DNA sequence: CTCTTTCATCGTTATTCGACGATAAACGAT
DNA sequence: ATCGTTTATCGTCGAATAACGATGAAAGAG
């Protein structure tokens, strides 16, 4: 295990939860077509080095490196130094975490409310 | 010499797929804590008007309106005019779509590749 | 009609992002 | 030690973002 995974405030109308930041950070990292492209490539290939990714995108090497840095900082990608090159691997757990957070948000509360609660709130 | 193009035949994502843009757009919309906050609020409450959201955030009304516009353009939220006010509802389908796209990406390919494919290629 | 409420839009400013070229660092091979 | 290869980082520039206050439009109340 890695973290104690503290109690999820079950309150639907709770004011604060660190998940805001986590989900936002993950989404922000994936909020660019080039980065989605990189992640997709890594998902198919398993892992590869930076040059391999550069060849698959219409971007300069420095730009790709920038994007990889963003993905790495979000934890979506891991970089392993291998001599002069760096092997980039997708962190599927992190990506699954993003999916889980989004799915959890989509299912929170009652879909019932989605249609008729506009009147209240006087 | 370099590997011209790693095998990506089995996936629908050899070079281009509109899913890139869709996932990136959805993520970009959620890539801001305030927007995650709004979506979470809507998920709990079902739907409510703009003022209700403003009261829950430390932001000016115009800023919240901007964020709502972004969410609306991404399809994550629907706005219904109700006289002078606007009722905002979360589109759970869209949010689920985001989750599904992320999950699909996380499960694409073989996790087997994630550990040992860095050596080959010499 | 006038007034109030509610929200969207406009204009502004500061910050961040995305992209590039150029440069430097790390390593293997010669 | 010197190359060649591969990456990361720096500096820069234009564009987009985020935030705000102020203004304006739509609908109901008086």
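Residue numbers (our numbering), protein chains in the order written: chain P, -16 to 105; chain H, -16 to 105. Glycine residues also receive a C-beta, built at the ideal position from the N, C-alpha and C atoms. Quick caveat, the model's predicted, so the values are computed rather than measured.
Would you report the Cα separation of residue 43 of chain H and residue 25 of chain P, rounded to the nearest angstrom?
So the alpha carbons of these two residues sit roughly 41 Å apart.
Amino acids of chain P, ordered along the chain, whose beta-carbon sits closer than 8 Å to that of residue 33 of chain H
Here the premise fails: no neighbours, minimum Cβ distance about 11 Å.
Drop a sphere of 10 angstroms on the beta-carbon of residue 4 of chain P, count the other beta-carbons inside from all chains shown, and report buried for 16 or more, exposed for fewer.
When all chains shown are included, residue 4 of chain P counts as exposed.
In chain order, which beta strand (DSSP E) runs of at least 3 residues are fully inside the stretch 48 to 81 of chain H?
The stretch 48 to 81 of chain H contains these whole beta strand (DSSP E) runs: 60 to 65 and 68 to 73.
is_contact[residue -8 of chain H, chain P] using C-beta, thresh 7 Å:
Only weak support exists for where residue -8 of chain H lies, its pLDDT of 35 falling under 50; the value from the coordinates is given anyway. No, because no Cβ of chain P sits closer than 7 Å to the Cβ of residue -8 of chain H.
Within its chain, find whatever has a CB closer than 8 Å to the CB of residue 84 of chain P; leave out the 5 residues flanking it on each side and keep chain order.
2, 5, 6 and 9
Listed in chain order, which residues of the stretch 9 to 20 of chain H have Cβ atoms closer than 7 Å to some Cβ of chain P?
10, 11, 13, 14, 15, 16, 19 and 20
Under 7 Å, do residue 73 of chain H and residue 60 of chain H count as touching if we go by C-beta distance?
yes
For residue 30 of chain H, which residues does DSSP report across the bridge?
H:72
What residue from H:21, H:57, H:36 and H:67 has the CA that sits closest to residue 80 of chain H's CA?
H:57
Could one say the Cβ of residue 50 of chain P lies closer than 7 Å to chain H's Cβ atoms, at least one of them?
no
My assumption, with CB atoms under 8 Å, is that residue 50 of chain H sits in contact with residue 18 of chain H. Please give the rounded CB distance.
5 Å
Only counting the same chain, and skipping five residues up and downstream in sequence, which positions put a Cβ closer than 6 Å to that of residue 53 of chain P?
Closer than 6 Å at the Cβ level, and outside the excluded window around residue 53 of chain P, lie 12.
What are the boundary residues of the alpha helix (DSSP H) that includes residue 4 of chain H?
1 to 13
Cross-chain neighbours of residue 22 of chain P in chain H, by beta carbon under 8 Å:
88
Distance cutoff 7 Å, beta carbons only. Does residue 43 of chain P sit that close to anything in chain H?
no
Considering Cα atoms alone, identify which of H:82, H:93, H:71 and H:88 is closest to residue 32 of chain H.
H:71
Counting only beta-carbon atoms, is residue 66 of chain P nearer than 7 Å to chain H?
no
Kindly indicate which three-state DSSP category residue 17 of chain P falls into: helix, strand or coil?
In the structure shown, residue 17 of chain P sits in a helix (DSSP, three-state: H, G or I).
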